[in-house]
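>
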Amino acid sequence: MVAPIVITILAYLHIISAMGWLGGAVLFVSAVAPGLRSMSPTARLEFLSKIGPRATRFFIGSSTATIVFGLALLFSFPGAFS
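Under the working numbering, the residues of the sequence shown are numbered 26 to 107, in order.
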């Protein structure tokens, strides 16, 4: 049996990482992408070359954390697969 505090912590971490993942996607679609359309191709390329690697690391980290904490929550309940 897993302690309730562990389940609570896992749930909070799962929700916070999912908020980062979804929030970053919403920010990109609603603010960054429209701003990119108004830039010249050279400025767009320069912006994406600087922000692209950081955004990729952020999205990989937050999505991986969401999945890992979600799986940890799933496996913390006894009889989850019976």
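Cβ atoms here follow ideal geometry from the backbone N, Cα and C, with glycine treated the same way. All figures in this text were calculated on a predicted structure; none of them were measured in a lab.
Can you tell me the Cα-Cα spacing of I85 and F94, whole angstroms?
Going by the C-alpha atoms only, they are around 14 Å apart.
> Rounded to a whole number of angstroms, what is the C-alpha to C-alpha distance between L38 and M44?
So the alpha carbons of these two residues sit roughly 10 Å apart.
> Just to check my reading of the structure: A105 and L99 have Cβ atoms closer than 8 Å, yes? What is that Cβ distance to the nearest angstrom?
Indeed, because the Cβ distance is near 6 Å, the residues count as touching under 8 Å.
> Less than 8 Å between the beta carbons of S87 and S42, yes or no?
Yes, they are a contact pair.
> Going by DSSP, what residue range makes up the alpha helix (DSSP H) through P78?
Segment P66 to S101, the alpha helix (DSSP H) holding P78.
> Between which two residues does the alpha helix (DSSP H) holding S108 run?
Since the first residue of the chain shown is 26 and the last is 107, residue 108 is not available in this structure.
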